[in-house]
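Enquirer:
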Amino acid sequence: MAIKLPTKRFKARYGRKPRSKFAAIEILQHANQKCPQCNKISVRRLAAGIWQCRKCTLKFAGKAYTLQ
Ligand SMILES: [Zn+2]
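All residue numbers for the sequence shown refer to the numbering used here, where the first residue is 1463 and numbers rise by one.
#1: Identify, in the order they occur along the chain, each residue of the same chain with its Cβ nearer than 8 Å to the Cβ of G1511, setting aside the five sequence neighbours on each side.
#2: Per the DSSP calculation, F1522 is bridged to which residue(s)?
#3: If you measure from each residue's Cβ to the nearest non-hydrogen atom of ligand 1, which ones come out under 6 Å, in chain order?
#4: Pull the bridge partners of R1507 from the DSSP assignment, please.
Set out below in structure tokens:
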């Protein structure tokens, strides 16, 4: 099965270039990130700038879309 692009809902509104940019950001957003405390790849974004590790439950502030 093909990977469903999260940008499908944007349809053609934003054109090709910004759409691929949105796709990259959304993939980063939904990917697990590395926890600065336990170094496990189990950090998820709760909201813009708020991240939580599911292993050590550390909640911390980061960038709105990515950690690094
Ligand atoms: Zn952790």
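Heads up, the beta-carbon is just placed ideally off N, CA and C, and yes, glycines get one too.
Expert: From the atom records:
#1: Position 49 of the sequence shown, counted from the start, is the residue given in the question as residue 1511. If the five residues before and after G1511 are omitted, its C-beta is found closer than 8 Å to the C-beta atoms of A1523, G1524, K1525, A1526, all from its own chain and listed in chain order.
#2: Numbered from its first residue, the sequence shown carries residue 1522 at position 60. Paired residues: W1513.
#3: C1497, Q1499, C1500, K1502, C1515, K1517, C1518, L1520
#4: Translated into positions along the sequence shown, residue 1507 becomes position 45. DSSP, once it has assigned bridges, lists W1513 as partnering R1507.
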